[in-house]
Amino acid sequence: MYQYSQADHQLLQERVAQFRDQVQRRLNGDLSEDEFKQQRLRNGLYLQIHAYMLRVAVPYGLMSSEQMRTLAHIARKYDRGYGHFSTRQNIQYNWPKLEDVPQILDDLAKVEMHAIQTSGNCIRNTTSDPLAGVARDEIADPRPYCELIRQWSTFHPEFNFLPRKFKIAVSGAINDRAAVAVHDIGLRLVKNDAGELGLEVYVGGGLGRTPMIGKLIRKFLPTHDMLTYLEAILRVYNQLGRRDNLYKARIKILVHETGEEKFRELVEAEWNEIKKTGLALTDADIEAIQAHFKDPDYETLSDFDEDFDAHLLANAEFAKWAEKNVELHKKDGYRVVYLSLKSRNQPAGDVTADQMDAIADLADKYSLSAIRSTHRQNLVLSDVKLKDLYELWQELKALDLATPNYNHLTDLISCPGMDYCSLATARSIPIAQALTERFDSYDYINDLGDISLNISGCINACGHHHVANIGILGVNKKGVEVYQLTLGGSARDDASIGKIIGPAFTADEIVDAVATVLDVYLDQREDEEEGFLTTYRRIGQEPFKEKLYG
Amino acid sequence: MALQVYSGSLLKEGLVAFLCLDDEGISWTTDLNKATAVEDDGLDALKEAAEKSERDNIIIAPYAVEVSRTETGLEPVENRERIRAYGPTIRLPQSAKSAPTSSGSRVAA
Ligand code: HEM
Ligand code: SF4
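Protein sequence lines correspond, in order, to chains A and B. For my numbering, add 90 to where a residue sits in the first sequence, where the first one is 1. For my numbering, add 303 to where a residue sits in the second sequence, where the first one is 1.
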């Protein structure tokens, strides 16, 4: 994991002191709300429906157990005992008091965390693959590149007031687990025919009001040129992106309006200028960062464990969990474990302070003291020994973190919706909870297989509904919450935007409507191997429409 | 005629609060049922008091909220306002603490 330098620490301390002073001046009345708002947003502090909301950055979703304990402490001491992991791998607190926030930021700074650039029109937290560094299908570890981007983008003076917020994701594996196609810039590490490492560069993806899939503007960028090329893209965007209309300000609109070809030319021209300044990364630069992400001292282990197999046979519940929530690791004898934040008992992505502390302890005991957050709002212990899985499972079960549903129907994404968010047009969590309750049967969701179901409480699409196989969008129709259903989206390698199927459903109808969609799929699939998306793409919307509205 | 209260967010806590305007003067409460509800013609006085609290850095962005009087008390007409007044409509995590300012206390004058 990256360790802060003395300069990093000092920077954060100065920033905390600055904000403490700004808060004091606001409380004294020396700053008006309008003046202060800009300051608090630059420190990740929003004002929501019920209270302030603080968004803390978790760089590319990686946390130490010590950091997790601090997150728990903050939830317990300054909030109402829980936090919410978001689809951008960050954590949000829903109830901090303004006067406590400087102290919260101080506590965070002590463990090398902060809330800078988690809001506002700047480059936000770079997201990545939760299996970075341990995935079997990895071409190269994306985390050093994320860290380089983090250092380059933090306080970058030129890009601190862009036309709109800017989100970058990096993936280093064959399978995309970072939704790179729906980011302002998506980077994928690839190898060329000569076996050299480079990046595919996608630009102009995004969700929100105008969902778009990113366009591949460069097939192979040498890794040494990553920052100069990002600089070129950002510079073109900063100059030409629309500032006159909030809804047209994202880079996806610029790429769309300029045309992919022309946009590429603009970037390449800018890049050729920047390259002359000789700012490319050197081998030494990259290696210095890579040193922070070296493999730990893995033990040489067998990929077979007699006791593990015996437990699988003896305990059906354990076997279900091991099948659903455990994934292979690049090292024999190790496994990656998903901690499901999608139980029946709390909103998707919510974790209590006690759970956080317990997770930190489990990470220390079983997984080299590190935890990752995923863009599907779950947590990951990435380095668990096969022989420890049974014991770990028992502990996770006791913590309600072992629902065997990873990448299955009830592993749904849900934004906070109107229960917390001031921009919402409808609630999303109650619908998510009703769905989780309705589809509680393991056998049923197992039969459905790999499927995604996402819910957003307004068109901003923080819940990624556009790229779900089944997406739900809450809207307000004459004062009543209604829910639009979209089908056929995907956030993976075959990324696509779902299509609205027809008129919206009321809150009472939407769960049945989802059940109907699932019935049509089960009825129409060619065999158990044919997944939802394949069936949908084969048969189209008609059969679903007929059953829903027929 | 529509019954209305004045509401905003408390600067210090960020919590939703409602204006009380009575013999004791101006104060704010997190309990909607303690709020001063007026018909249209009383609204100007509430607005004036709320704006004073805004200038005094007690409350952020106050505005009028339409309510109706039911058997159980005041009830906002709009969904969003009901959620503001009564909190998230969902089961919070089991160990969640109750709201930081105990409901109903008068929080500022
Ligand atoms: C304080 C609450 C929040 C506010 C005010 C907020 C606001 C917004 C807005 C305005 C957009 C649309 C941006 C645009 O298209 O230009 C957006 C997009 C997005 N938000 Fe949020 N959001 C909030 C909470 C969350 C949460 C809790 C998550 C994760 C669960 C999240 C993740 C995202 C993602 C992934 C997108 C879409 C990607 C994109 O196009 O940028 N947001 N948000
Ligand atoms: S999608 Fe809308 S309701 Fe949901 S968190 Fe984003 S802004 Fe709020």
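The beta carbon of each residue, even a glycine, is placed where N, CA and C say it ideally should be.
Worksheet item: Is the Cβ-Cβ distance between A:VAL186 and A:ASP169 less than 8 Å?
Response: Translated into the one-based positions of the first sequence, residue 186 of chain A becomes position 96. Translated into the one-based positions of the first sequence, residue 169 of chain A becomes position 79. Here residue 186 of chain A is Pro; the residue named in the question, Val, does not match the sequence. A:PRO186 places its beta carbon less than 8 Å from that of A:ASP169.
Worksheet item: Considering only the beta carbon of each residue, do A:HIS174 and A:ILE164 sit closer than 8 Å?
Response: Translated into positions along the first sequence, residue 174 of chain A becomes position 84. Translated into positions along the first sequence, residue 164 of chain A becomes position 74. Cβ distance not < 8 Å, so A:HIS174 and A:ILE164 don't count as in contact.
Worksheet item: Quick one: is A:ALA605 buried, meaning 16 or more other Cβ sit within 10 Å of its Cβ, or exposed?
Response: Taking the first sequence and counting its residues from 1, the one referred to as residue 605 of chain A is at position 515. Per the 10 Å Cβ criterion, exposed.
Discussion item. Just checking: is the beta-carbon of A:ILE641 within a distance shorter than 8 Å of some beta-carbon in chain B?
Written reply: Limits of chain A in this structure are 91 at one end and 640 at the other, which puts residue 641 of chain A out of reach.
Worksheet item: By DSSP, does A:THR464 sit in helix, in strand, or in coil?
Response: Residue 464 of chain A sits at position 374 when you count from the first residue of the first sequence. Reduced to three states, the DSSP call for A:THR464 is coil.
Practice prompt. Round the Cβ separation of B:ARG385 and B:PRO391 to the nearest angstrom and send it over; I've been treating them as touching at under 8 Å.
Written response: The count along the second sequence starts at 1 and reaches residue 385 of chain B at position 82. The count along the second sequence starts at 1 and reaches residue 391 of chain B at position 88. About 11 Å separates the CB atoms of B:ARG385 and B:PRO391; that is not less than 8 Å, and the two are not in contact.
Discussion item. Please give the ranges of any beta strand (DSSP E) in the segment 135-181 of chain A, keeping only runs that are unbroken, at least 3 residues long and fully inside the region.
Written reply: Runs of the beta strand (DSSP E) inside the segment 135-181 of chain A: 135-137, 142-146, 152-154 and 172-175.
Worksheet entry | Secondary structure of A:GLY539, DSSP reduced to three states | Here residue 539 of chain A is taken as the residue at index 449 of the first sequence, counted from 1. Shown here, A:GLY539 sits in coil according to DSSP, grouped into three states, outside any helix or strand.
Item to complete: Quick one: list the residues of chain A neighbouring B:GLN397, beta-carbon separation under 8 Å, in chain order.
Response: Along the second sequence, read from residue 1 onward, the residue named residue 397 of chain B stands at position 94. By Cβ distance, chain A contributes ASN435, GLN436 and THR442.
Worksheet item: Measuring from the CB of B:CYS323, is there a heavy atom of ligand 2 at a distance below 7 Å?
Response: What you label residue 323 of chain B is simply residue 20 of the second sequence in a count that begins at 1. Checking the Cβ of B:CYS323 against ligand 2 gives no.
Worksheet item: From A:GLY561 to A:THR160, what does the alpha carbon distance come to, in whole angstroms?
Response: Translated into positions along the first sequence, residue 561 of chain A becomes position 471. Translated into positions along the first sequence, residue 160 of chain A becomes position 70. So the two alpha carbons sit approximately 34 Å from each other.
Worksheet item: Is the Cβ of A:HIS140 closer than 8 Å to any Cβ of chain B?
Response: On the first sequence, residue 140 of chain A is found 50 positions in, with the first residue counted as 1. With its beta carbon less than 8 Å from one in chain B, A:HIS140 belongs to the interface.
Discussion item. Could you tell me the alpha carbon to alpha carbon distance between A:ASN133 and A:LEU563, rounded to whole angstroms?
Written reply: Position 43 of the first sequence, counting from 1, holds the residue named residue 133 of chain A. Position 473 of the first sequence, counting from 1, holds the residue named residue 563 of chain A. Computed Cα separation, rounded: 29 Å.
Practice prompt. Compute every distance between the C-beta of B:SER398 and the non-hydrogen atoms of ligand 2, then say whether any falls below 7 Å.
Written response: Working through the second sequence from its first residue, we reach residue 398 of chain B at position 95. With a cut-off of 7 Å, the C-beta of B:SER398 is classified as distant from ligand 2, since no heavy atom of the ligand falls inside that distance.
Discussion item. Using 8 Å for Cβ pairs, my map puts A:VAL293 next to A:ILE323. What's the rounded Cβ distance?
Written reply: Counting from 1 along the first sequence, the entry for residue 293 of chain A is found at position 203. Counting from 1 along the first sequence, the entry for residue 323 of chain A is found at position 233. Yes, A:VAL293 and A:ILE323 are in contact; Cβ-Cβ is about 6 Å, under 8 Å.
Worksheet item: Which residue's Cα is closest to the Cα of B:SER312: B:GLU374, B:ARG394, B:ALA353 and B:THR373?
Response: The residue given as residue 312 of chain B occupies position 9 in the second sequence. Taking the Cα of B:SER312 as reference, the smallest distance to any Cα among B:GLU374, B:ARG394, B:ALA353 and B:THR373 is reached at B:ALA353.
Worksheet item: How about B:LEU324 and B:ILE361: do their beta carbons lie closer than 8 Å?
Response: Along the second sequence, one-based indexing puts residue 324 of chain B at 21. Along the second sequence, one-based indexing puts residue 361 of chain B at 58. Their beta carbons are not under 8 Å apart, which means B:LEU324 does not touch B:ILE361 by this criterion.
Worksheet item: How about A:LYS342 and A:MET302: are their beta carbons less than 8 Å apart?
Response: One-based indexing of the first sequence puts residue 342 of chain A at position 252. One-based indexing of the first sequence puts residue 302 of chain A at position 212. The answer is yes: Cβ separation under 8 Å.
Discussion item. Can you tell me whether B:GLU374 is helix, strand or coil according to DSSP?
Written reply: Residue 374 of chain B sits at position 71 when you count from the first residue of the second sequence. B:GLU374: coil per DSSP, three-state reduction.
Worksheet item: Taking the DSSP output, what are the residues bridged to B:GLY311?
Response: Counted from its first residue, the second sequence places residue 311 of chain B at position 8. Secondary-structure assignment with DSSP links B:GLY311 through a beta bridge to B:ALA320.
Fill in: Neighbour flag for B:ILE393 against chain A, beta carbons, 8 Å
As a working mapping, residue 393 of chain B is identified with position 90 in the second sequence. For B:ILE393, the answer is yes, since a Cβ of chain A falls inside 8 Å of its Cβ.
Worksheet entry | A:TYR611 to A:ILE541 span [Cα, whole Å] | Working through the first sequence from its first residue, we reach residue 611 of chain A at position 521. Working through the first sequence from its first residue, we reach residue 541 of chain A at position 451. Approximately 11 Å between the Cα atoms of the pair.
Worksheet item: Counting only beta-carbon atoms, is A:MET446 nearer than 8 Å to chain B?
Response: Here residue 446 of chain A is taken as the residue at index 356 of the first sequence, counted from 1. No, A:MET446 lies away from the interface with chain B (no Cβ there is under 8 Å from its Cβ).
Worksheet item: Looking only at its own chain, which residues have a Cβ that is under 8 Å from the Cβ of A:LEU356, when we skip the five neighbours before and after it?
Response: Here the question's residue 356 of chain A lines up with position 266 in the first sequence. Excluding sequence positions up to five before and after A:LEU356, its CB lies within less than 8 Å of the CB of VAL326, LEU330 and THR348, all in the same chain and listed in chain order.
Item to complete: Identify every run of the alpha helix (DSSP H) within the segment 550-583 of chain A, keeping only runs that are complete inside it and at least 4 residues long; order them along the chain.
Response: Counting whole runs of 4 or more residues, the segment 550-583 of chain A contains no alpha helix (DSSP H) stretch at all.
Discussion item. Distance cutoff 8 Å, beta carbons only. Does A:GLY569 sit that close to anything in chain B?
Written reply: Position 479 of the first sequence, counted from the first residue, corresponds to residue 569 of chain A. The beta carbon of A:GLY569 sits closer than 8 Å to some beta carbon of chain B.
Discussion item. Would A:SER638 and A:GLY592 qualify as a contact pair, given that the criterion is a beta-carbon distance under 8 Å?
Written reply: Numbered from its first residue, the first sequence carries residue 638 of chain A at position 548. Numbered from its first residue, the first sequence carries residue 592 of chain A at position 502. The identity of residue 638 of chain A in the sequence shown is Leu, whereas the question assumes Ser. For the pair A:LEU638 and A:GLY592, the CB atoms are nearer than the 8 Å cut-off.
Worksheet item: With respect to the beta strand (DSSP E) encompassing A:GLU290, which residues constitute its N-terminal and C-terminal limits?
Response: Taking the first residue of the first sequence as position 1, residue 290 of chain A is located at position 200. 287-293 is the span of the beta strand (DSSP E), which, as asked, contains A:GLU290.
Worksheet item: DSSP three-state call for A:ASP375: helix, strand or coil?
Response: By one-based count along the first sequence, residue 375 of chain A stands at place 285. Looking at A:ASP375 - three-state DSSP - the assignment turns out to be helix.
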